[in-house]
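Visitor: Below is one structure. I have some questions about it.
Pasting the structure below:
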């Protein structure tokens, strides 16, 4: 499973969020995305970064009854969050 950290250069809060992910021991699952180079991401996350996100596939049975664009389930955790908040979010998303 991949954890996406939406970030941008010079964002000290994003650096804090990354450190929390490292402390949680999941850095090998983290992909950092700089929103500054993507207009869609910038519009979505420009004033809310850092945001961590996990996308996971929905079961085929559920996907067959839904539209094509709903085959992914996205769980996001937006700033502010602390070590405890992150730990709960990670556990709820399959990281123990």
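In UniProt numbering, the protein residues as written are 1 to 96.
Note that beta-carbon positions come from the ideal geometry of N, C-alpha and C, so glycine has one too.
Throw me the rounded Cβ distance for the residue 32 and residue 18 pair, which I believe falls under 8 Å.
Guide: Counted from its first residue, the chain shown places residue 32 at position 32. Counted from its first residue, the chain shown places residue 18 at position 18. That pair is a contact at about 7 Å.
Visitor: Residue 54 bridges to which residues according to DSSP?
Guide: Your numbering for residue 54 matches position 54 in the chain shown. In DSSP, residue 54 forms a bridge with 3 and 75.
Visitor: Grouping DSSP H, G and I as helix and E and B as strand, with all else coil, what is residue 35?
Guide: Along the chain shown, read from residue 1 onward, the residue named residue 35 stands at position 35. Three-state result, residue 35: helix.
Visitor: I need the straight-line Cα distance from residue 16 to residue 52, nearest angstrom please.
Guide: Against the chain shown, residue 16 aligns to sequence position 16. Against the chain shown, residue 52 aligns to sequence position 52. One alpha carbon belongs to residue 16, the other to residue 52, and they sit about 12 Å apart.
Visitor: Out of 93, 30, 14 and 96, which has the shortest C-alpha to C-alpha gap to residue 82?
Guide: Taking the chain shown and counting its residues from 1, the one referred to as residue 82 is at position 82. Out of 93, 30, 14 and 96, 14 has the C-alpha closest to the C-alpha of residue 82.
Visitor: Can you look up residue 30 in the DSSP assignment and give me helix, strand or coil?
Guide: Along the chain shown, one-based indexing puts residue 30 at 30. Strand, per DSSP.
Visitor: Counting only the same chain and skipping the five closest in sequence on each side, list residues whose C-beta sits under 6 Å from that of residue 4.
Guide: Sequence index remark: in the chain shown, residue 4 carries index 4 (1-based). Excluding sequence neighbours, residue 4 sits near 31, 33 and 53.
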